[in-house]
Every structure is written in structure tokens, then in C-alpha cells.
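Scroll down for the structure; my scribbles are underneath it.
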């Protein structure tokens, strides 16, 4: 895989041609408001995870439409009574779900509460999931996969429900007694990174306690460029659908604009650590930089940084980037 | 593509290891009965198809759950008052839909009424479609595509709804005044062929007027073998899902057995013309022969024949096979 | 497939670097004159096409060198005596032939006479054909396929014969009593589109009655760029041959210049409806725009338009573009 | 990926055609004896792993030839003085190394001491490594990768050194004060599984304390079949080398026979839990079953079991299989 | 590439299901007789080959239909007056031609006269060529490439002309004064090997002086099996054509039977050294063994041997096999 | 393969961004000096090559570290006593070795002494080899293949040893009594071309007798660009290693700079004939032009020329380019 996208110097300045909808804020105000009509009703059931040093809880809470969303909460074992930990809320990559109860505990190993949100209707791919997407639009004519599900209107688009689930997941995490609700960190890889950007933006002015965002090779950034140039992964679902439904390009872009991290992240107010991979042909670096360069612009320009992995495809920095994140959080929380 | 499946001599005798559920007939009796609770309410709106010699109607009728299903009815133009034509009911291949109003008129050109049923939730692929699948299970965790949608239980499995739609489509076609309801021919390619086999079987004893079935390289036959050996196309959706959900193999087979053409076609009572392609790695010839060899065995062993295309992949006989079908119908209707 | 060619803004202005031979017009004057030495001798034999609403005739006429070329003529059935219809003359895509007698009747369905010309020496690929290429140069050393057949000299190059066949096909179509010879429309997809452009140009001043050209994702445009950038389809036959015959690049370009739609279409005088697909890696959009932008420049700049399909590869607009063509002709013929 | 290897019924009985060298035991007796001439000199340096619940030590010990081999030892944090834990010794898959200090702690999370051995000369692929292979034969003419390194003679073959490293790794693990040396479990995936089988066999009669082996989709089993049928992964390195060095087939097989899990595992005396994946085209299921079916045959036929994953390629059972292993160990250690 | 064809034990016995035409001998008697009506008229023009130790002549002679066929004759430089050398006549692999004047001199280096025959109509691929195929059937509808050129009738099939060219090439080689006409060895790789087998068979009883045949991974053996199982190379041209021209399977086989090495080689009377590669997916080993096992059966069962390369694809034994051939000839000529 | 690199006009001016190390000359002075501490000890054993017109000697000499390096020397047979020939020293492409004794004699056929150097540790790929790389760093952690072997430090990097071997190979060739030591020509394809460039540069001021360099599509030029843009072949070994070892980019570049033909060739003083292929995606044309454009700039700007093959991938000009080289040498040696 050669370097195929813009050179690094141009990436540093690239900001996307996506157009923010005039009613972006009211749309999301209304959306969040509707979601909060439903009782959150977060429950935490202990499970046997076979682990000696981590306690795990099977989480259920009400997301978009009051639909019941699953998750895991991992805590270091043997917490002291009343002890409250900063929490890392993690969102999952495309096609995956929350996985098994002991599959991913890494933030809890590092001493954080670790909350993992299942992705509705996903979990058929890399990691299994348990949460259906019972919305009435789920059976719409759509290209195989989730990217064009409900794409006829922003009210029905699949990621509206997912972003709301994520917003509510933060509230669910905050509701647990071992969690310090004033110290929520958002993170995720690929789709999880895209949800991180969106949630950081949606939280601004609507939800207290989020203190940082760590989107890793984030997906869902700069749709207009992404669907033009991306050869592999989920973005081509949209291009393929448009290859068949040739008359819907502008209408689709209009819908996607409500969900583009380029717009949603602009409002974010918290420090962020991004990553991008220069040979990433699933989430091309220009789309990631579009999200990064816009992040926080209207949210007070919080500190932000981006790690660039020159010779990596979508795997990005992997274990090396986790070290960067651990250092970032260690510093953030000690300051 | 070399010949990779059983040699032709063995195909002639191969009958599948799929096990028919004990309650197959009651399950479908109940299913059809429930569907008939809903008024069929078939409507036929004339459309401008730009064609001089074919008249086209936009069809809507109530399928499974009373959901409104789309279709086209093409008729030769300038029919005489009261003239009633034999009707060819055509089902569509996987991922496709009914297409545009003038896209496929071939049976009407040949002098038949030509009824095309849209496939719910499809139409994102080769040919566009317009019918959603509004069932509450449509958003279940499922591998991208339709093959594992609702596969947790036979009541929810996607093809239960499609097969019922097809059954009702026959009734809808019969309801049009230019159609001779005693002369219904079923046909389709690939998934359309699988629906043809199933509908022929379901019609037996439940629906009068079906007189022939012409399944072309039919899909949805012999699931146990198909998911083991098929490298390409929709069958691997199931294998891929099982690669992730490792504990669900037997349970899935149990569900799929309610929808396997090997079982459903056994009850068929009408003459049939199948086709198979020996280099077909989407619907391998052994799965097609499994369906063919079982066809009609408990339905009075109607006449049946199968055209074998030795050097073709899933395209099968194409225009050449259409000639065979035209000859088959000409002979059938003149006898 | 990402957008890999020039951006749309640049496509709008791109005109090719191909150099028109000084003797282009005399070369073609001589060529056509020689062809007309042979009696056209167009014959039309009725065939059983199994269709109730279309009549089909097996056509034979004399093309280049007097070689007998096959074709089909489809007419709406039951024409009134003396009725004369506008005719759509269709040329076929690379590797295909005229197909079976009832395989493609769409313009006749729409009320036109529909004349399909077989492509000599082709018909081994997507659609079968019946016309050999008996020219003595047919067995020259050439890369597999037709693109380098006879490429040592413009007099022997394969497409010289094909373009002449196409010119004579128009005359053959005009000779049928049910055809209105003053209303000939040229069309075709890919290679058929390239032949359409060439024939429209060759007709200018040499043949009356052509009234429109509808080249769909045309091939055979802008050879110098096409052989440099095209990764797939027939153009690479030329590049592959040059990879072996390294010393023949300039000589080959000199020959190809006599057949480049960029030059031949420039003389066209009739309105045109082109199409291009922005993700087409068989006939890249820049080569199509080169043909489009030059079309008619010296022929009085007739009206022309081009439909651009952004998310399509070489399939282009398919059934959607046919609607555009039907509308274009309906308007043209009603004006 | 269809099922391409033997059907499951035949896998259950398949035992390989590989021929055990007459001097297999003396060869390994001498090999181990030589290795033990070098002082083990295992050192354990604590490292900052950023984790709150796991303590990690950077391990170094003397493997084959006294070469210094790296590893990690992970322990649950806050052990009580004198507490000794059963240890899981893990070997790594082909191309990988021990990774970063906090990359894989899963057995420590489960309450075990977790010892990870680096693979000499590997660590360029999936997971990074830090141990060179300083043997004088390392620069021999060999196909890219490690499979044919030193393959001219069994004394020089690369895996001789690796197997000895593994044997010594067990001794190194046993030497740590928090480890119960009488409770050593061997495990690993793919190459790690192959080393597990070999080490279990080599330990028999030579090393006390090993109580179980858990090889997961093991590599290095049944070389004669593996190099004939495997299309992907490291086995084809051998076939590719033989494609060039055509005269060395029998000589290579003779060397490989000293390292084939089919022979080495036969002597094992401890219970084992294997896994195989039926669509595995890197370590085909027949090769895995060859290893499994021979395991322990001359070692007193210890209890053994194998999990079969029907729809998985080389990923095998992944997180699901870990659960099986956790259950297997929980039961073993509680009995 | 795994071993995909029959195991070696079965290859040793495999003999093909191809059916020899009743009139095979008369067909070829007539064919050769007709060719000999044309004067051979072999000319040898010296060329500057830039080589100090090899002299090269540009050869032209009359092949099938009197068409002028090109070739090279290489001789060791500085022959003594009247010296006559055994000659190796080499035929070329599919798509290639005789190449440049100094491109392949290896048999002359070894002290033989080395005669290379150009393949009419080829030379567009691996090695360039200079001989057209001016037969009137060369422009027939045929799949791209040569395999289906003229395949409607045995009189027109392309390889009839090539085999005759080869027969005449032997006569041309024999006509040079530095060649010993009683010592002709035939050889070639792939297609060249197929021509070798055919020429050895055709020479029996018709042409004196041929003393050995060395077909290397020969093509053109056992067509019925070859077109069923071969995934790559020229055989699939036939299967692809049949995929389109579905009704011509038996007719094509009937034609191909006149050219199958399985039949033609049966009459051969001279010793032979074959080679086969067990991972060859262009000329699968079973087809090569079919040719080998039939070779000479009706020609007095001359000595024959076959080298088998287990881990090679179509490259076969390459430089290693040349050594075998040099040894074979050294022994043959010294005996 | 489309033209994917810079257009030809830009290639003519492109000079690379690689930075020459300040101590490049001292590094190589020291390196050569150390190598010359070892006695060259070149031996030439006659072998039976089965050839009548070429004599071949099995060569062994001391390369880097005194390691014994293999080679072949081919001479035209029957030289007169005392006759001394210009010698062509040939280096081999990546993965290959010196091959068999009669495999490549082409320069000897042309009347030159032909010296072929084996590449240490290679010979597993296209052509077999016999020389190990016994350096202690050969077993370092490195990506499969040779490109990252010893890359931690310029003293250990694999190509340091190879370049020294090449330098000593020239001296070995010069030591043979049939060689004119004042007429040494360097050549090679791909890696062989890269070694040619390096050796030409290293010879300047250190070794007399080299009179020309003929690097053909040379590898090992302009590492910074090569590892960024090359999709295929050996360069991606470096990118792949960096994809895993993310922190070593700058350090690696620093090492590679000691071996980049862009720097080493700058000092060359002898005429050169390069070649480049514009569709070469293994050694992209821009990297080749970087080497060419820098060649000789500080060595007195000797005459140089480059053949460009527009439609070729890495095969370049092959037999056609050999003619160019033969002409170049004929002219050079006659002047």
C-alpha cells in the first residue's frame, strides 16, 4: 500500500468541503431531548468473567427510542468502599459488538472504570454483539451493512440512533457508584473513534463530566471526500448504493451532513488525542484530518494533538498508540 | 473456474442430507393462514413506460403481516376486452428488486401477462427495489445482507416473509381481469428460482391455478451442503455469521430447514423445468440437483426436467435458457 | 473503486492530446468510396422469435470489402401497410455480437424500428455473434482480442472495417420499407458508443438521414491517454502489445489516430446525448469527455449533452440512462 | 472459504504419513543436554506497564547455545509474600514476538502467573519482538521467512533452537519465586501451539512440573501433508523453496521429521486441550488432527480433547476458545 | 498452490477419456500430402547476432498452405567444412514467437544445430514473433487468443496449420548443409511440448530422421479433461467460448480430437523424455500424464521417461530439466 | 498497469530528497579497507557445463569479512594462449543467486569474459544460489527477506556486505589470466543494477579498470521515495517492517542513506547506460531517474544515457535492452 492520499503537509491544513446543515444544533437538541424522555434505567449485573483481578458487570440501559442497549462495565477487583474511578467509555469498530465478558478489559487493568457500549444491530463481524436495532426503518432498502440503513431522512438514519445510544451510555456509566461522574473519557477505534468525536461534540453544553476524547483512526468524518476516494471498508457501501440509486447523491449528502464528525466535533470543548494512519485506505488520512482540523473550533479550541502513523493502514498505532493514550490520560488526570 | 462440484453422474443421484422438520406442514399452514387474515387489496396503477407495445401497471398488494409489497404487471398492449392471458409470475435474484417500469418485459413481449414481485428489503444491488421489510426483527444482529436476518427463530426468519409475499403475489396476479387465474406459471433466477420452488410447494393443496414452475439455477436449496462448500455469493453470509457465532450451527440449521427448497419443493404437483450450471460457485450444482431430485416426490411426481450448462458459472443458460422456457410453455399451453 | 481520473471540473474542459492526421478526410473518403463499390444487397428474413408483439428479421448486408455482415431488425408487430418508423441503429459492446433473435428488442418495444449490427469477428464474449472477419490481415500477429488486429497500417486496422460496416448498416436499415430513411438514430454502449461517434462523424456530408447520436460510455476515444491510464478492459490490449513490441509506439499512435473518436466525431452535425461514468476504469471519463468536448466542433456545433454518473464504473447509467435516451428521442421527434 | 480438507469423520482417524526418525530420542537427549550446559541465568526486571492490577517483569534467560532470550512475566498485583501461582507459559504465533510490556496479560488477569516467551529472530510481523537468532546458520540461503532457515541439517534447523528456547523458558518460569514450579501449563496459538506440542513431548522424562498443554490450531504438525496442501501462511515457504531447489525434497523431509509435532507430541504425558478450525487454510485441520491423534500415544495416553470450529479459518475459536481453556484449567486445578 | 490434481500414484495410470476419431490417420495423411504440394523453399540468411561463438540464420520456409514461416537456425561458430551436426528443433510456448536473433541459443551453445520455429499468428506475448496466420478462417468468431480460431471444423482449426508448419520445419532444418538430417531431436515447452508430441506422432511413417522427442510440461494433451479442470492459461479460452456458445460442446470435442496429443503421440516411434509439474494449473499433470501414458503405444512402445517436479507450477523443471535433457541427448547420441 | 508515477517530463528532472550522510566517504573508505585486510584468494575450478562453445569456472573469493563468495566465470571456448578479454561483471536480481553453471552465459557468447557474482544469503527465488551470509547480524529481527536484515546500524546492514562482495568480485574477475583487468564493465538488472551503481561509485578512486556501468531498472535508488510509493517487490519489506516498528523511521532512513544509489553513484566516473520502465511498480521510474540524474555528478559527469520503456513493468527492455547494451559496449570498446 503506497501513500495514496494527500501528503502530510497538505493533510495538516485540509478541512473538508462538507457543508454544515443550518439546523444542525436544533436537530440534535430535539434528538437528545426526545431520548431523555425515556428513563435511562441503567442496570449492572455481575457476571463470572473467570478473572481474578477484574470485576465485570453486564450493563443494560435505554438508548434511542428507549431501546435497551447492552454493554460491559469492568472494574479493578477489590475496590474500596466508596472508591470512585475515572471512567473510560469505549465505542466499538464497525461490524463489531461488545464481545464476550472478558474479551477487552484493558482500561480496567490500567485502573480505570471501563465501560463498553454495544453497537445496535452490529456484532456480526470481528467481535460479537447482542443488541438489535428495533427501529421501524431497520428493514428499509439499504446496501448490505449499516451505512445506508434509514438514509432517506436524517430522522431515520442509523447513526442518529447510535449517537444517541452513545450519549446515553455516558449517562449510564456516570450512574454507577464506583464511577466518578466528573471524569469521563471517551474513546474508540474507527467507528468507535467516529462515535467518540460525535459524542464529544454532542456533550458540549448538554452533558457534564466529559473531560477528554481519544478518537483512534476515526471513521464517519468528511463523508463527501470519503465516499469519493475510499476503496475499502464501510464507506464504499454508500458509493455502491449510489451506483445503483443514481439520483440520490445530493439527498444522501444532505442527510449525512447531520452525522459528519467534521461538523459535530467542531463544538467539542475537551482536550483530544487523535490518531491517523497515512496508508489507511478504510478511513483515509485526509478524512481523519478533516475531523481533527475542525475539532473544537467552535468549542473554545481545546488542546488537541494527533499521532500520525506513516506506514500503517487502518490498524493505525495499535499497542503503541495505547501507550500514547495511557500517557495522555496519566498526564491529564495528574494535572 | 474448473468443475469443482460432484461429477454429473453423481449429481443425477444426489439428494441432500437436510432433515425435514416434523412440523413443516403445520408451520406453513399456520403461516399462510395468518397471512390470509390480511386483505390482499391488490391495486394496479397504469404508468408511463415509454413503450408502444407493452402496458405496465404499478402493483401493490398485502404480503406477510399485511405489509404492502410492490410489483409490476406488464401486458401486451391493445388487448381485446375480456381477453385473459396466462400469467408468468417472476421472482427476483438476491439483492435486486423489481427494477424500473420498463426494465424487464420479456414475458409480456412473448404474449403473457408478466407479473414481477419486488423483494422486500432488497433492491440495493443489481436492480433497484422499492419495498421495505418493516418486520420488527429486521434490525436483529445479522451478517450484512439478508441471509441471517431474523435467523434466531423460524417465525422471524426473513425468507418466511418473502415466501409468503410470493404466495400472495400469485393471488394478486390472479386478481387482475386480464389474467387467466387458472394458468399461473412461476419462474425466477437464483433467489427467484428458490422462491419459485418454495411457492410451487406451498401452493400444493393451498392455492389453485399454478400450472408450472421454471426455477433457473435456484438458490435456497440444500442449506447444509451449500454453507459448507459455497465460496461466493449469499450463502457465505451464513458461514461468516457462524464463523463469529460459533455456537449456533445446529440451531441455525434447524431454522433453515423450514425454508429449504429440498423440503418445500417435495410437495409440488406441477411440471417443472429447472436449470443448473456445472461451474456455478454461487449456487453449486449439487445444491440445485438436491432441489431438483426432491422436487415433486410427495406431490405425485409431476414431469420435470433440468437443463445442465457445463461451462457456465451462475449466469447459467441466460438467453439460451429463455428459449428453452419459451418452448416449454408453448408446448405446455398448447397441450 | 475511488474517483481516480480528473475531477469533474477538469473533465469539462479536457480535450486530448491526440493529433489528427492531415489526410483524415481523404482516407475516409477513399475508404467509403471503396466500400460502396460493393452492392449493399441487404436482405431481411423473418424469424420465429417466440414474441407476440415484436417481429424480427435476420439481416444480411455487405460491409467492408463486400463481406456479408449479419444483424437483426425488430419491428413492433402489426404495423399498418406503408407505415414507416424512425429507426434506432445499435452497435454492440466489445467482445459481443448481435445475440439471439429475441435477446434485445428494447427500441422496438418503444415503437421504433430497431436495427442491431453484428460486430465482425466478435461475439465470443458477453453476447454471441455470427459474423467472421475474413480480411487477409485477420491472422496478423496481434495481442489476444481485436484491438491490435491489423494495426501495422491504417488500411488494415480492424476498426476500419468495423466503421465501414457501421456506415453500411445505416444504409441497410434505411433500405427496409418499414423504415423512415430520414430518421436514423445511432446508439450503442462502450464500443457501440465509439462506433456511434465515428459513424456520426463519417455520415456528415456522406450520408443523409442520420438525425441523432446517443453514445453511452463510448470506447475508442482519445487513444493516447486511454492506453496510458486504463487498467482494465480492451485498451490494455494495446499497452500489452506495446510492452512486447517496444519500438512501435509512435507508429501505432499514428495508425490509431485515423480511428480516434476525438477526431472523427468533430465533423458530426447532429444532436448528441453522451454519457460518462466517473468511476469507469474501462473507458475512463477523461477519454469520454475528450470525445464529447470535440464532438461536432467542425460540424456546426450541434446541440449536445452528457449525463455523468458519479458512482458508476463502466456499467454507467444502465436502465436509468435508457430513460434519458427515451426522453431525448421523444422530444427530438416531437419537435 | 469452503470446507476443503477431509470431512470431519475422516479427520477423527487421520494420523499422517510422516516417518519418525530412528534416532529421534537420542537427538533430543543430546540437544537438551547441550543446552543445559549453559547456565539458565534467568533475570526478572520490573517494568512500568501502566497497569494497576498487573505487575510485569522483563525476563531474560539462556536458550539454545546460551543465547539470551527475552520474555515477559505478568503477575496479578499485590500478591502476598510467599504466594506461588500456577504458571501459564505462552508461545507466540509465527512472525510475532513477545510484544509490548502490557500488550497481552490475559492469563495474569485470570489469576495465573503468565510467562510469554519471545521467538528468536521473529517479531517483525503481527507483534513486535526483541530477540535475535545469532546462530551461525541464520544467514544460510533460505526462503524469505524462518521456515527453511538452517534446513540443510537437523542440527542447524531453526526450530531446533526455538524448541530448546521453549524448554528452557519453562525452567526460567519455574525459577521465579512467585511461581509454583509444579504447576506449569503450556499454551500458544498456531506456531505457539506447535511449540506447545513439542515442549510437552520434550518435557516427558526430562522436566518435571508440566501439568497440561493447550495447543490452539497448532502449526508444525504433519509436514509431509502440510507442504503438499497448504495454500497460505508459512508452510508454503517450504514448498516455494522446494520449487526452486527441486532436488532436496527427501532431504528436507528427513530434517523436518525431527521437528514434527506428530512425532514429538507422541511422548507427551499430560492432559491436553487442542483446537482445530475446519476452514483453516494456514494450518489445515488434517495436519492439526494428525498432531492430536498422535498426541500422548507413547506417553501413557493422557486425557485429551479437541474443540473443532467448523466455519472458522485460522483464527479458530478466539475468545470463545479462551473460555474453554479457562474452564479446562479451572477444572484441572480444582481436581 | 496446493497439489490439486490426482495423486502421483493415480497419475502413473491415468490415460484420458478422449476418443480417437476413426479417420485420424487419413485426415493427417491428406493434410501432410496437401502441404507437401507446396515447395518447401527453405532459405537461410545470415544475421548479425552480436555473438562471437554462435552463427545465426534467419530462416523462411513454406508451411501449411504454402504460407511463409519464419525461424532461426543457430550454429556453433567456426564449423569445419562439411561438418554436420545433430539438430534440435524447438517449438515455442503459447503466445510467444521465435524472439530476437540472439535471444535463445542454448542448444547451439551445447554443440547442436538449433532450429527455432516461429508460431504463426503468435508472438504478442512473452517472446515476439514475425509470422502471420493468413488463413481465411483466421478472422472467425473466436475467443480472444488462438485456441478457438477456426474451431468449427478440423480442416480449419488453427493447430492443423501449426502442426503442419512444425512437420515442415523438420524438413527445413534437415535441408541445411550443416545439419545431419538423420539426427533430428524435437523439443519445446508447454505449447512447444504439445507440438513436439504431435510432430513425433506425425513423423512416424511419414518422415525419416527424427530420433527423439523431449516435450516439457506439454500443452494440447487430453482436451476433455483439460477444459473441465484447468483454471488458468490457454485451456480456459475453450471453456469460456463454450460458456457462451453452449450448444457446441460435443462438436468442439470432435474437432479437438484430431489434435489431441493423447491420440497423435500414440503412433510415435522414437524415445522420449517428458516432464510434468505436480502443481501446474496451466497444463495440469493429469493431462500431461495422459499424453505420456499414451505416447508410443501403437508405435512400438519406444523407451520413454518422465521427470516429475512436485513443487512446481507451469515453470516445471527449468534449468534443472535442461540438464536432464542434455544428459538424455548425450547418452542417446553416444550410444 | 497504468502510468502511475511522475510524467516523463518530470522524471527527467527529478533528483530525490534523500540526504547524503556527512561521513559517507570515510564510512566506505574504512569499509573497503577492512575488506582488503582479507586475502582475496580467488579460485577458478573448471566445471562440466555441457556446452561446446563456452568454458565455465566455479569461482570462489573472499568478500566482506573474508566470507567465501561464489560465482561463475564463463569464457568463450578455445581461447588462444595469453588472450585477454574485456570482462562483464554481472550482479543478480533480488532473491536470486548465480544459478546453475550453464544457465546464463550470454556475455561469454558475445565474446566477453562473463563473471557472475552470487548474492550472499539469496538464491531462494528466481535463480538458485550457494552463498550463505554468515555475519553475526544475519539472525536479527527483520522482516522476511533481506531488506531489513541488520538495519539497526550501517555497519551491520546487509547491503554493506553485498556491496563489498561486489567490489571484491571486480578484483576477483581481474585476477583471472584470461581477463584484461583494464576493461571491466559492470552490469545487472534490478538489484543487480543497484549493485552496479554502487560499485561504480565505490570504484571511483579506489579501484582501477572499471570502464562502464550498465544498470538495468536499478533497485536500491532513492529509498525515501521508494518506501513511500512502491506497492510491490522488495521495497515494501521496509515499509512493512516500519508498519510494525513505528518508531524507527528516521533511524532507518539514516542507515539506508549509506547505501542509496542516489549518493553512491554520484562519485562514479565511467560512462553509463541506464534503463527505466514507466509502468514499473517494483522499482518505480522516479526512483530510477533519481539514481540516473545523480549519477556521476561529482565524478566528472561522465557520459550517461537512459533507455525508457513506456509500457513495461519491471521486466523493462529485456532482450531489446540487451541489444542496446551490446551496441553500447561494441562502440565503447572500438573507440
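Chains as they are written, first to last, in the numbering used here: chain A, 12 to 346; chain B, 12 to 346; chain C, 12 to 346; chain D, 12 to 346; chain E, 12 to 346; chain F, 12 to 346. Beta carbons are placed, not taken as given, at the ideal position from N, Cα and C, and that holds for glycine.
Between residue 232 of chain F and residue 272 of chain F, the C-beta gap is smaller than 9 Å, which places the two residues in contact. Every beta strand (DSSP E) stretch that sits fully inside the stretch 269-316 of chain C and reaches 3 residues is listed by chain position as 283-288. Contact of residue 285 of chain A with chain F is not assigned, every C-beta pair being separated by 9 Å or more.
For residue 41 of chain A, not one C-beta of chain F is nearer than 9 Å to its own C-beta. Under the criterion of beta carbons closer than 8 Å, residue 229 of chain A and residue 156 of chain A do not qualify as touching, at roughly 18 Å. Taking 9 Å as the cut-off, the beta carbon of residue 297 of chain E is found closer than this to the beta carbon of residue 17 of chain E.
Secondary structure note for residue 102 of chain A: its beta strand (DSSP E) is the uninterrupted segment 96-102.
Residue-level contact check: residue 257 of chain B touches chain D, since one or more beta carbons of chain D fall below 9 Å from its beta carbon. For the set E:71, E:300, E:257, E:278, the Cα lying nearest the Cα of residue 234 of chain E is the one of E:300.
D:202 is the residue among D:33, D:202, D:341, D:97 whose C-alpha sits nearest the C-alpha of residue 293 of chain D. For residue 65 of chain C, the secondary structure class from DSSP, reduced to helix, strand or coil, is strand. About 6 Å separates the Cβ atoms of residue 88 of chain F and residue 65 of chain F, confirming a contact at the 8 Å cut-off.
Below the 7 Å Cβ cutoff, chain F contributes 257 as neighbours of residue 331 of chain A, in chain order.
In this structure, DSSP gives residue 243 of chain E a state outside helix and strand, which the three-state scheme calls coil.
With respect to chain A, the C-beta atom of residue 168 of chain B has no partner C-beta closer than 9 Å.
The C-beta of residue 146 of chain C comes closer than 9 Å to at least one C-beta of chain E.
Apart from sequence neighbours up to five positions away, the residues of its chain that approach residue 222 of chain E with a beta-carbon distance below 6 Å are 194, 281, ordered along the chain. In the three-state scheme derived from DSSP, where H, G and I count as helix and E and B as strand, residue 124 of chain A is classed as strand. For the pair of segments examined, the stretch 26-39 of chain A was found not to touch the stretch 134-149 of chain A: the number of CB pairs separated by less than 8 Å stays below three.
Boundaries of the alpha helix (DSSP H) around residue 331 of chain D: 329-345. Residue contact check for residue 241 of chain B against chain A: no CB pair falls below 9 Å. Around the beta carbon of residue 236 of chain C, 16 or more other beta carbons sit within 10 angstroms, so the residue counts as buried. Around the beta carbon of residue 81 of chain F, 16 or more other beta carbons lie within 10 angstroms, which makes this residue buried.
With a threshold of 9 Å between beta carbons, residue 87 of chain B makes contact with chain C. For residue 85 of chain F, the CB contacts under 6 Å within the same chain, skipping 5 residues up- and downstream, are 65, 67, 116, 119, 125 in chain order. Between residue 78 of chain D and residue 142 of chain D, the gap from beta carbon to beta carbon is short of 9 Å. The criterion of a C-beta distance shorter than 9 Å is satisfied by residue 70 of chain D and residue 83 of chain D.
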